[in-house]
Amino acid sequence: MKKRLDEWLKSQFDPPPAIRTARLWIRDGKIYPAPVKVGRSYYVEENAVFQNGVARPSLASRIPQ
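In terms of the working numbering, the sequence shown is residues -3 to 61.
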């Protein structure tokens, strides 16, 4: 299930970064899997992760057992 970008930021960061910053992260490919733009809004998978490095993280490690 996808969440709006602002809701996803609130669930991942305290305090959440600015939407402008998150849009730069999207452009730079720092949110995986990549968000989808619908109209003017971005939607992000609930289990998406932010990575600041080059290697892609494993989503399997974030799924509760």
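Yeah, the Cβ is synthetic: ideal placement off N, Cα and C, and Gly gets one too.
- Assignment of residue 0 by DSSP, reduced to helix, strand and coil, places it in the strand class.
- Straight-line spacing of the CA atoms in residue 25 and residue 10 works out to 21 Å.
- Residue 6 carries a helical assignment under DSSP once its states are collapsed to helix, strand and coil.
- Taken atom to atom, the span from the alpha-carbon of residue 16 to that of residue 22 is near 10 Å.
- As the crow flies, the alpha-carbon of residue 20 is around 14 Å from that of residue 37.
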